[in-house]
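**Student:**
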Amino acid sequence: MRLRKAVETKRNFLINKLINEGIYKKNDIHLFEWTLTDLEEEYVKLSKTKQHEADTGDHPPCMIEHWAIH
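One point on numbering: in UniProt numbering, the residue at position 61 of the sequence shown is 61, and numbering is uninterrupted.
(1) On the criterion of 16 or more Cβ atoms from any shown chain inside 10 Å, does E41 qualify as buried, or is it exposed?
(2) Quickly, what does DSSP pair I29 with across the bridge? List them, please.
(3) At the level of alpha carbons, what is the spacing between F32 and K5?
(4) For V7 versus L39, is the C-beta distance shorter than 7 Å?
(5) Within a Cβ cutoff of 6 Å, which residues of the same chain sit near E53, ignoring the five residues on either side of it in sequence?
(6) Excluding five sequence neighbours on each side, which residues of the same chain lie with their C-beta closer than 6 Å to the C-beta of K48?
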């Protein structure tokens, strides 16, 4: 019973995070129909994309290092 509750809590957490990012469904399948694994994979993809965008910023990292040398 506790495992079921933990899985449901995690599913709800991931669904809410994805909805907050504007993801409601994919290939006409709503988030609540996805498996926990599918939700986790989509959340990881989203997190990596957001991290990449944050890392690139306004200046490429190589330019920042170059400026620091001169």
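Don't be surprised by glycine CBs; every beta carbon is placed ideally from N, CA and C.
**Tutor:** Taking the coordinates as given:
(1) exposed
(2) K26
(3) 15 Å
(4) no
(5) none
(6) none
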